[in-house]
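Visitor: Right, I'll just put the structure down here and ask away after.
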Amino acid sequence: MAGDRVFVIGVGMTKFEKPGRRRNDDGSVWDYPDMAREAGTAALEDAGVDYTDIEQAYVGYVFGESTAGQRAAYELGLTGIPIVNVNNNCSTGSTALFMAAQMIRGGLADCTLALGFEKMQPGSLGATFDDRENPLAQHMTALGKIAEFAMPPAPWMFGVAGREHMQQHGSTAEHFAKIGVKNHRHSVNNPYSQFQAEYTLDEVLASRSIYEPLTKLQCSPTSDGSGAVVLASEAFVDKHGLAGRAVEIVGQSMTTDFASTFDGSAKNLIGYDMNVQAARRVYDQSGLGPDEFQVIELHDCFSANELLLYEALGLCAEGDAPRLIDGGATTYGGKWVVNPSGGLISKGHPLGATGLAQCSELTWQLRGDADKRQVDGVTAALQHNIGLGGAAVVTAYQRADR
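This is the structure we're talking about:
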């Protein structure tokens, strides 16, 4: 990762909401330009810079028309800068972050913006077009050779991977449910979270079955919302005296599917190998290993994915994730605090905003600004975001003054 150092100097996000629920003060529907204006303005104010300082913007969304990125960013200003629309399925927000960081890392810009939003339809995700190849058709065909297809597709895919882990390593329905319990408990202290209710293990297990072992309270919801991150070069940080609150990206990698994705295992079809390779590259770049992070925001679209990510990110050996869960290693008082925000399961999952909301949470944690969610002694933080079809982005952060 040669080139200039990259720093997060400002973050902002909206509260994530159930689709269509929020209204503006005048009673009008809360639309994506409103979301982007709120999150983007918060990030600029947090950074202490003006939109005129932004040299390039990368705007992510999955569901929307062709230049919705421009329409969203125009809420912040009309300065003629390059604005690039980004779509990488559920990893869209962190892909925008990756691209905005690349411009600084390559010395092509000193201050960039990553902005993401989503205005979603209620209910399970489905295909937008029926007159062309579905990007996940190859993955689903391969998974159909392992388990009979079921609707909705996303919980089926992750649920099959969860069942595979149960068969190979002895994990149980309770292990997956405990992840749901943890993330809902964490979200109680997050004012940005779509859900802020705590549930017992029995309540999570008894909630409506979506695809065994996954119940409703172990699945991320559809959400509306936005997130934004302002990035800067070392020269920009020094010039504007921002080092005291800046957070450095000390490692970042994006991977896409490998040949091993289609090796006949369910976990690789939902991105396990992409996650492993992206994490390894970030550890090499940063010089930090899994044990040196105190707080992690990862892509728990379903509890099965969080369990598998404990292993893919190297928090434990393959097959040992149940031990971490039973030992409380991934919550307050444990070795790591995973998804202090509540994660996708409880905070919500507006696809284009998710990766930027993760960055926001980790920036607040590193600054000591996470209020009741604050993890003690945070010196390094790790982020993971994935989109099937596929792309995985892993990012490591440290405070600039370290």
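When we follow our numbering, the leftmost residue of the sequence shown carries the number 223, and every step to the right adds one.
We put the CB at the ideal spot given by N, CA and C, even for glycine.
Since we're looking at a predicted model, the values are computed, not measured.
1) For residue 283, tell me which candidate among 353, 569, 314 and 465 has the shortest Cα-Cα distance.
2) Taking DSSP as the reference, what is the three-state secondary structure of residue 234?
3) Among 253, 553 and 538, which has the Cα closest to the Cα of residue 343?
4) Just grab the DSSP bridge partners of residue 441 for me.
5) Take residue 260 as the anchor and find which of 570, 623 and 449 has the nearest alpha-carbon.
6) Give the range of the beta strand (DSSP E) segment to which residue 619 is assigned.
7) Out of 491, 418, 516 and 424, which has the shortest C-alpha to C-alpha gap to residue 568?
8) Helix, strand or coil: which one does DSSP assign to residue 326?
9) Just to confirm before moving on: does the CB-CB distance between residue 539 and residue 453 stay below 7 Å?
10) Below 7 Å between beta carbons: does that hold for residue 619 and residue 504?
11) Would you call the CB atoms of residue 500 and residue 616 closer than 7 Å?
12) Return the first residue and the last residue of the alpha helix (DSSP H) that residue 588 is part of.
13) Do you know whose CA, among 473, 396 and 292, lies nearest residue 509's CA?
14) In terms of alpha-carbon separation, which member of 519, 583 and 384 lies closest to residue 234?
15) Does the Cβ of residue 595 have 16 or more other Cβ atoms within 10 Å, making it buried, or fewer, making it exposed?
16) Between residue 374 and residue 402, what straight-line distance do the alpha-carbon atoms span, to the nearest angstrom?
17) Less than 7 Å between the beta carbons of residue 653 and residue 308, yes or no?
18) Of the choices 612, 332 and 237, whose alpha-carbon is the least far from that of residue 339?
Guide: So, to answer that:
1) Ranking 353, 569, 314 and 465 by Cα distance to residue 283 puts 314 first.
2) Three-state result, residue 234: strand.
3) Ranked by Cα distance from residue 343, the first of 253, 553 and 538 is 253.
4) Per DSSP, 524.
5) Nearest C-alpha to residue 260: 449.
6) Counting along the chain, the beta strand (DSSP E) containing residue 619 begins and ends at 613-621.
7) Comparing Cα-Cα distances from residue 568 to each of 491, 418, 516 and 424, the minimum goes to 418.
8) Here DSSP, grouped into helix, strand and coil, assigns residue 326 to helix.
9) The answer is no: Cβ separation not under 7 Å.
10) Against a cut-off of 7 Å, the Cβ pair of residue 504 and residue 619 comes out as no contact.
11) A contact, by the Cβ cut-off of 7 Å.
12) For residue 588, the uninterrupted alpha helix (DSSP H) run begins and ends at 573-589, by DSSP.
13) Closest option to residue 509, Cα to Cα, is 473.
14) Comparing Cα-Cα distances from residue 234 to each of 519, 583 and 384, the minimum goes to 583.
15) Classification of residue 595: buried, given that the 10 Å Cβ count is 16 or more.
16) Roughly 19 Å between the two C-alpha positions.
17) Residue 653 cannot be examined here, being either before or after the span of the chain that is shown, 223 to 624.
18) Of the candidates 612, 332 and 237, the residue whose Cα lies closest to the Cα of residue 339 is 237.
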